[in-house]
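Colleague: Would you mind keeping the following structure in view while I ask a few things?
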Amino acid sequence: MTLTINYTGDIGAGEIIITLENDALLSDLIRSFHEAINVRDTYTIHGGAPPNRRAMTVTYNYQINRRGGYDRHSSDYISSLGITDGDSVKLVVGGGGKVD
Numbered sequence: 035m036t037l038t039i040n041y042t043g044d045i046g047a048g049e050i051i052i053t054l055e056n057d058a059l060l061s062d063l064i065r066s067f068h069e070a071i072n073v074r075d076t077y078t079i080h081g082g083a084p085p086n087r088r089a090m091t092v093t094y095n096y097q098i099n100r101r102g103g104y105d106r107h108s109s110d111y112i113s114s115l116g117i118t119d120g121d122s123v124k125l126v127v128g129g130g131g132k133v134d
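In terms of the working numbering, the numbers along the sequence shown are unbroken and rise by one, the last being 134.
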């Protein structure tokens with residue numbers, strides 16, 4: 035399955051084309067997306083006052099075709115969103131996901 039991804043959000047904006055298996059999961063789409071744009075699927079925030087200051091790794095939230103609430107561990111099939119071969123996908127990437 036070949037998809038065109040139009041993305042916007044906290045990591046920038048652009049358009050890429052990726053190829054996935056026909057029975058791919060949303061987590062596969064997200065992983066392939068990050069590999070294609072060469073940006074990690076997590077970011078680090080720092081919090082607390084010294085000497086207890088620490089770094090926390092946070093995952094992004096994703097909206098796919100205006101449906102939200104997905105993260106890099108989503109186990110839904112891409113086809114459950116009605117996405118088929120050759121489709122264009124609107125992906126919005128936002129911060130504030132889960133702390134790992």
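Backbone N, C-alpha and C define an ideal beta-carbon position, used for all residues, glycine too.
The structure presented is a predicted model; accordingly, all values stated were derived computationally and were not measured.
1. So, helix, strand or coil for Val-89, using DSSP?
2. Residues in its own chain within less than 8 Å of Tyr-111 by CB, not counting five upstream and five downstream?
3. Enumerate, from N- to C-terminal direction, the unbroken alpha helix (DSSP H) stretches of 4 or more residues contained entirely within the stretch 35-96.
4. Quick one: is Arg-106 buried, meaning 16 or more other Cβ sit within 10 Å of its Cβ, or exposed?
5. So what does DSSP say about Ser-108, is it helix, strand or coil?
6. Taking the alpha-carbon positions, what's the Ser-66 to Val-73 distance?
Modeller: According to the data block:
1. Correcting the residue type first, residue 89 is Ala in the shown sequence and not Val. Secondary structure of Ala-89 (DSSP, three-state): strand.
2. Asp-57, Ala-58, Leu-59, Leu-60
3. 60-71
4. buried
5. coil
6. 11 Å
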